[in-house]
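The opening position of the sequence shown corresponds to residue 732 in the working numbering, with each subsequent residue numbered one higher.
Beta carbons are placed, not taken as given, at the ideal position from N, Cα and C, and that holds for glycine.
Everything numeric in this text was worked out from a predicted model, so none of it was measured.
Everything on this sheet refers to the single structure shown next.
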Amino acid sequence: ACTDAPSCRSDFDYVIDPNHTITAGLNQSICLNTAMTSVTLALGGGATGATVTGLPAGVTAGVVGATLTLTGTPTASGTFNYSVTTTGNGCTVSTTNATLTIDSPSIAPTGIVGATTICLGGATTLSATGGTLGTGATYEWFVGGCNGVSVGTGLSLIVSPIVNTTYYVGASASGSGSCPATTCVNSS
Numbered sequence: 732a733c734t735d736a737p738s739c740r741s742d743f744d745y746v747i748d749p750n751h752t753i754t755a756g757l758n759q760s761i762c763l764n765t766a767m768t769s770v771t772l773a774l775g776g777g778a779t780g781a782t783v784t785g786l787p788a789g790v791t792a793g794v795v796g797a798t799l800t801l802t803g804t805p806t807a808s809g810t811f812n813y814s815v816t817t818t819g820n821g822c823t824v825s826t827t828n829a830t831l832t833i834d835s836p837s838i839a840p841t842g843i844v845g846a847t848t849i850c851l852g853g854a855t856t857l858s859a860t861g862g863t864l865g866t867g868a869t870y871e872w873f874v875g876g877c878n879g880v881s882v883g884t885g886l887s888l889i890v891s892p893i894v895n896t897t898y899y900v901g902a903s904a905s906g907s908g909s910c911p912a913t914t915c916v917n918s919s
């Protein structure tokens, strides 16, 4: 039996592991087949790695030290809700979610159809032909040059000019502006 109180004790050290932390994910809009701006997320606490799900084709995730980086050139369009969950010690993990929106670019129209000669006071409908509209884009019509004075939007434009006028049409920036506007074609 132990009778000497100090010798009856033994030291026992406890190690307290920290819970995982991660900075918030970032939403980003990117034009299809265009390199994205890298997203970096800081891992902390007991986090030493991460599992990432929901990324589009062409985008990858990698951990170096305490930083997770998402980078690449997306090759699929659409809305991708991605999730990052930390890995590491056995303590509480941390998760962050965000969205990558990959916009399809427009392809410039190749021509304009419609009557090229009308009587004074008459009207004609001009329509853009060829090309395709990207995510959320529309056709924009101008006089005075491409990106000159805007006179309308849409696939077709009804015009009643009182002087000889050259009309231009191009596709607007698509998505949230991540894909640029196209060049124009004119009616002459």
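Taking 9 Å as the cut-off, decide whether the C-beta atoms of residue i and residue j are in contact.
i	j	result
Thr818	Asn758	no
Gly845	Thr869	no
Ala854	Asn878	no
Gly865	Ala807	no
Cys915	Ala839	yes
Gly852	Ser891	yes
Ala778	Ser825	yes
For residue i, list the residues DSSP reports as bridge partners.
i	result
Ala868	Ala868 pairs with nothing; no bridge assigned.
Ser741	Partner(s): none; Ser741 has no beta bridge.
Val815	Val783 and Thr827
Would you say residue i faces chain C, with C-beta separation under 9 Å as the test?
i	result
Ala854	Given the protein chain composition of this structure (a single chain), no chain C is represented.
Which residue comes first and which comes last in the beta strand (DSSP E) that contains residue i?
i	result
Tyr898	Tyr898 to Ala902
Val794	Val790 to Val795
Thr826	Thr826 to Asp834
Ile843	Gly842 to Val844
Gly775	Val770 to Gly776
What is the DSSP secondary structure of residue i, counted as helix, strand or coil?
i	result
Cys762	strand
Thr806	coil
Thr798	strand
Ser858	strand
Cys910	strand
Ser918	coil
Asn878	coil
Leu888	strand
Short of 6 Å in beta carbon distance, which residues of its chain neighbour residue i, apart from the five on each side in sequence? Order them along the chain.
i	result
Ala766	Thr804
Val783	Ala792 and Val815
By Cβ distance, which residues of its chain are closer than 8 Å to residue i, with the 5 residues on each side in sequence left out?
i	result
Ser769	Thr800, Leu801 and Thr802
Looking at the ligand ATP, does it come within less than 8 Å of residue i, judged from the CB to the closest heavy atom?
i	result
Gly809	In the structure on display, the ligand ATP does not appear, and there are no ligands present to speak of.
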